[in-house]
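Student: A single structure is presented below for examination.
If you want it as structure tokens, here you go:
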């Protein structure tokens, strides 16, 4: 199998990979000169797979360049500035997006607070449109939740029967404002900037609520409103679609407003410093948790956008590649042949006995052969550049004339140009078209042909039939500057041209042996024939131009040449603008809900396809170390808060020690993944923590439970004695008779850390901070964005239920004691009307609220993450498809043109081989039994395909197939600097290939019961290799050594390999057996001494 080398892409090309694909042959991709075989069995294989090999790196040292390279350089010069600008404006800072541990190091910490906005305004606007619907949904959910919180605060305020009106009016006004904002958020006319304005309104309402709660509370306390403030801060980070810096400012503002209000109201209390310090620590903690939630969420969204855009970019690139592939095929092959071949290559391979043959039969066509007289002498006098430029200009003019005269150029045979009229669409005036073409060009016949392609590589559209052979002989028997036609062709001309006897039999034995009567057209009839021809021709808008366009001609050919890389401007439309426009239409047409319902199950959020679920679970959590770092910080703030508020006990010390050990161990293990010097087993284990989803989720649950334990377990050793009962025992009264005076007499204060009745037992009168620490543990579970929402729900429910059971049963006295002392510290009598509800009831409601909201947040995060994963899978598949198509296109291109072929190139010591099946013309018969010769061509196709497959062997990698000419196979070796070896091994490879062809034909004879004979001619010398032709690029080699090699074949002997004396000099010292044939008369060269190559010693 031949190899493809994909070399590194330059930075300019990375800046916009659509530019890379906008050229038919990118300079960063080279093909080994032996490429071109489509699988081992040609079309039966149907597989294209790039594999590494040595490239053509030496080619850059040559002064000559191919049209493909020149086109690319023109494109690069025109668009380099624009691409650099797009590179600077159209991409996001990679440190802001892709860092797996973004919070390690001051630089990365600073990057967290940098703007993530794309520098390209169009791209940023498109991103805002892309996530507008999800953001709109998030804001709606957030407003609904805030509305529910407003109702809860309103209910709490009036639950005990307080009759103050202003707080109720303000809370009701805030609630209805949330309702209005919800309605505005869901208006169909809402735009992206409107949503941002509504977010500012919501933030203002949150600040009002934050200030309202502590200022309207009676009795007052610095901890009142803390749970709602924490809730507002975290939800602002988690669900509000605003930039990081604005979210941080909002979080700080809410914290400052609450702290200032609470401190100003309660400044006279002796324990206010504890509460203020604890509140500050909690606010810092929740802001950190918010940052660790907001940053990955925004990064994930922008990554999802870029992945989706890349997916669309790949899709459009694939589409352009398909168009270019088709354009290139249509420039060389007729549409009906090209489309059939393309479908077979792209389809599944079929296991058949024979290779598929692409042959069609056409009646009533005219064939024109034109040969340049004196070309052999001309080639020996011109430089490589002069010769190729001359041929290119000449054949380009011939192509233009062919299009004007409704002829289809079949191929170029060295200096011979031949075309056909009546293909692919039949024409009644095909003979006129050929004659007019001949008159413009200064031998032509009418008949029928089979047209198509043979072999597996170097496809060239060709025609075969006895009439084609006759046309060739007509050219050989013609006169320079004259149009030579047969009697059959003359009948189709209907007397429109003046003719004279051609006497072709006097100049050609084939015409003489077959008694072909020929004529020469007089040149002075050109003007008259033009008039007749114009009258008989079809309208330019009819079949003629349609057929010409199918061949790659017509008015659209400049655009086709541009797409092929020969035009002045390869892409008229900016690829970035095209991608953005397509993405904009896709955003307007898409439905996230439909996509989610098609691929993801409703409640459990698992993929409906098992293989997708398995891939999702194998996806690495790139932010896992950051999550562990955040949990470690939250644990630190929980510990500091409890050390300030809760009495210090042995249980607390043990719990804190275990929690720190557990969380810090997992954090260090995750950090050690990138550290050297550790045992291999340790590296494997640490890599699995973040790489295995189940293991990472287990670690996440363990660390959350460690936090929860640190929040909950210090409560266990505290005294649970009821303060009212204690005071009733002291004063000998009923519990209902305990009043404010008794509390003041005993001197109980909330700053006390021991029980009045049990002085040796620690207790706390700040149980609300235990609840706040539990809420921080629940918030910490939300920081793990990759943890399953169902697992989070189980975790949150477990945490909430356990704490509620403890708060309602054994530790309920702590909460009742808080309520009594809160009234006493504010000078209120027990039983006096107050705002708010008892602490234990508030605790239950708040835990239920947090559990529900954090689960909703987890569902939304996981749903978005799964959709992001789905888009990434889609993008990856599109990119792989694009790369496969690119490799496939290169293979396809190499079957038409060798991609190493420069515009012109002069090479010395090149080996040339012509191999002809001498008696195939005797085998070929046009009978009804063999489908008018098609079955004969089918066997020829098998033989050529076998020859092509042999050429794909590694030992023949330095040999290039040039073309087939009827039953003649032409190949050459040493056409490039990397295959032209100083030790002449490329010449020995060509000799071995000749032996292999002869052996393969013997094998075909054995199994097909035929007796085909192979005649081979070989020569070594200088050649000119290059691409000529504008509309139909054609690769060929020219030179005196090529003509001599052809004569070695035509003057050779069947079953023999005839070589020149130059080949003898090369092969004889290398161990080959050669037998002198003697002097042979060679046309154009005189007498030459030749040898027969017999074998290898």
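Numbering (UniProt numbering), first residue to last: 1 to 1097.
Beta carbons: idealized from backbone N, C-alpha and C, even for Gly.
For the 8 Å Cβ check, are there 3 or more pairs between the segment 142-153 and the segment 242-249?
Tutor: No contact exists between the segment 142-153 and the segment 242-249.
Student: Any beta carbon of chain C sitting closer than 8 Å to that of residue 147?
Tutor: In the displayed structure, chain C is absent; only one protein chain is listed.
Student: Among all the DSSP beta bridges, which residues are the ones paired with residue 1060?
Tutor: Counting from 1 along the chain shown, the entry for residue 1060 is found at position 1060. In DSSP, residue 1060 forms a bridge with 1090.
Student: Might you give, ordered along the chain, the residues of its own chain that have their beta carbon closer than 7 Å to the beta carbon of residue 220, omitting 5 neighbours on each side?
Tutor: The residue given as residue 220 occupies position 220 in the chain shown. So the qualifying residues of the chain are 214, 265, 266 and 826.
Student: Return helix, strand or coil for residue 924, following the three-state DSSP convention.
Tutor: For the purposes of this step, residue 924 is taken as the residue at position 924 of the chain shown. Of the three classes helix, strand and coil, the one that applies to residue 924 here is coil, per DSSP.
Student: Grouping DSSP H, G and I as helix and E and B as strand, with all else coil, what is residue 916?
Tutor: Within the chain shown, numbered from 1, the residue matching residue 916 stands at position 916. The answer is strand: DSSP assigns residue 916 an E or B state.
Student: So, with DSSP's three-state summary, where would you put residue 607?
Tutor: Within the chain shown, numbered from 1, the residue matching residue 607 stands at position 607. Residue state, collapsed to three classes: strand.
Student: According to DSSP, what are the bridge partners of residue 1095?
Tutor: In the chain shown, residue 1095 corresponds to position 1095, counting from 1. Beta-bridge pairing links residue 1095 to 1073.
Student: Considering only the beta carbon of each residue, do residue 943 and residue 1004 sit closer than 8 Å?
Tutor: Residue 943 sits at position 943 when you count from the first residue of the chain shown. Residue 1004 sits at position 1004 when you count from the first residue of the chain shown. Yes, Cβ-Cβ distance for residue 943 and residue 1004 is below 8 Å.
Student: At the level of alpha carbons, what is the spacing between residue 1077 and residue 1092?
Tutor: The sequence position of residue 1077 within the chain shown is 1077, counting from 1. The sequence position of residue 1092 within the chain shown is 1092, counting from 1. Their Cα atoms are separated by approximately 6 Å.
Student: Mind checking residue 714: buried by the 16 CB within 10 Å criterion, or exposed?
Tutor: Your numbering for residue 714 matches position 714 in the chain shown. So residue 714 counts as buried.
Student: On the DSSP letters alone, give me the boundaries of the alpha helix (DSSP H) that residue 177 sits inside.
Tutor: Residue mapping note: residue 177 aligns to position 177 of the chain shown, counting from 1. Residues 166-185.
Student: To the nearest angstrom, how far is it from the Cα of residue 979 to the Cα of residue 424?
Tutor: Reading the chain shown from its first residue, position 979 is the one you call residue 979. Reading the chain shown from its first residue, position 424 is the one you call residue 424. In a straight line, the C-alpha of residue 979 is about 39 Å away from that of residue 424.
Student: Alpha carbons only, please: which of 206, 618 and 709 is nearest the one belonging to residue 659?
Tutor: Within the chain shown, residue 659 is the residue found at index 659, counting from 1. Comparing Cα positions, the closest option is 709.
Student: Is the beta carbon of residue 286 sitting closer than 8 Å to the one on residue 845?
Tutor: Reading the chain shown from its first residue, position 286 is the one you call residue 286. Reading the chain shown from its first residue, position 845 is the one you call residue 845. Not closer than 8 Å, so no.
Student: For the pair the segment 1037-1051 and the segment 1020-1027, tell me if three or more CB-CB distances fall below 8 Å.
Tutor: Output reads yes: the segment 1020-1027 touches the segment 1037-1051.
Student: May I ask which residues mark the beginning and end of the alpha helix (DSSP H) holding residue 1046?
Tutor: Here residue 1046 refers to the residue found at position 1046 when the chain shown is read from its first residue. 1040-1050 is the extent of the alpha helix (DSSP H) around residue 1046.
Student: Output the boundary residues of the alpha helix (DSSP H) element that contains residue 227.
Tutor: Mapped onto the chain shown, residue 227 falls at position 227. First-last of the alpha helix (DSSP H) with residue 227: 226-239.
Student: Rounded to the nearest angstrom, what separates residue 595 and residue 751 at their Cα positions?
Tutor: If you number the chain shown from 1, residue 595 lands on position 595. If you number the chain shown from 1, residue 751 lands on position 751. Straight-line Cα distance between these residues: approximately 57 Å.
Student: Can you pull the DSSP bridge partners for residue 369?
Tutor: What you label residue 369 is simply residue 369 of the chain shown in a count that begins at 1. Per DSSP, 418.
Student: Assess contact between the segment 756-765 and the segment 827-840, defined as three or more Cβ pairs (one per stretch) separated by less than 8 Å. Is contact present?
Tutor: Cβ pair count under 8 Å is below three, so no.
Student: By a C-beta neighbour count over all protein chains shown, 10 Å radius and 16 as the cutoff for buried, is residue 575 buried or exposed?
Tutor: Locating residue 575 in the chain shown gives position 575, counting from the first residue. By the neighbour-count rule (16 or more Cβ atoms within 10 Å), residue 575 is buried.
Student: Based on Cα-Cα distance, which residue from 323, 405, 462 and 290 lies nearest to residue 362?
Tutor: Your numbering for residue 362 matches position 362 in the chain shown. Ranking the options by Cα distance to residue 362, first place goes to 462.
Student: Would you call residue 773 buried or exposed, if buried means 16 or more other Cβ atoms sit within 10 Å of its Cβ?
Tutor: Within the chain shown, residue 773 is the residue found at index 773, counting from 1. Residue 773 should be labelled buried.
Student: How many angstroms separate the CA atom of residue 141 from the CA atom of residue 688?
Tutor: Position 141 of the chain shown, counted from the first residue, corresponds to residue 141. Position 688 of the chain shown, counted from the first residue, corresponds to residue 688. Cα-Cα distance, rounded: 36 Å.
Student: Is it a yes or a no for the segment 940-958 touching the segment 969-987, going by three-plus beta-carbon pairs under 8 Å?
Tutor: As far as the Cβ criterion goes, the segment 940-958 touches the segment 969-987, which means the pair count is three or higher.
Student: Which of the three DSSP states, helix, strand or coil, is assigned to residue 653?
Tutor: The residue given as residue 653 occupies position 653 in the chain shown. In the structure shown, residue 653 sits in a helix (DSSP, three-state: H, G or I).
Student: For residue 1113, which residues of its own chain have a beta-carbon under 6 Å away from its beta-carbon, when the five flanking residues on both sides are left out?
Tutor: Outside the modelled stretch of the chain, which goes from 1 to 1097, sits residue 1113, for which no answer is possible.
Student: Does DSSP put residue 905 in a helix, a strand or coil?
Tutor: Here the question's residue 905 lines up with position 905 in the chain shown. Residue 905: strand per DSSP, three-state reduction.
Student: Is it the case that the Cβ atoms of residue 449 and residue 435 are separated by a distance below 8 Å?
Tutor: Taking the chain shown and counting its residues from 1, the one referred to as residue 449 is at position 449. Taking the chain shown and counting its residues from 1, the one referred to as residue 435 is at position 435. Not closer than 8 Å, so no.
Student: Using DSSP with H/G/I as helix, E/B as strand and the rest coil, what is residue 826?
Tutor: Translated into the one-based positions of the chain shown, residue 826 becomes position 826. In the structure shown, residue 826 sits in coil (DSSP, three-state: anything other than H, G, I, E or B).
Student: Among all the DSSP beta bridges, which residues are the ones paired with residue 714?
Tutor: Taking the chain shown and counting its residues from 1, the one referred to as residue 714 is at position 714. Answer is none; residue 714 lacks a bridge partner.
Student: Contact defined as beta carbons within less than 8 Å: I believe residue 703 pairs with residue 628. What is the distance between those atoms, to the nearest angstrom?
Tutor: Within the chain shown, residue 703 is the residue found at index 703, counting from 1. Within the chain shown, residue 628 is the residue found at index 628, counting from 1. Rounded, the Cβ-Cβ distance is 7 Å, consistent with contact.
Student: Which same chain residues end up closer than 8 Å to residue 459 when comparing Cβ atoms and leaving out the 5 residues on each side of it in sequence?
Tutor: Reading the chain shown from its first residue, position 459 is the one you call residue 459. 332, 333, 341, 453, 895 and 896, listed in sequence order.
Student: Quick test of the definition: if touching needs 3 or more C-beta pairs under 8 Å, does the segment 870-885 touch the segment 291-311?
Tutor: A contact exists between the segment 870-885 and the segment 291-311.
Student: How would you write the range of the alpha helix (DSSP H) that residue 1113 sits in, first residue to last?
Tutor: Only positions 1 to 1097 of the chain appear in this structure, which leaves residue 1113 out of reach.
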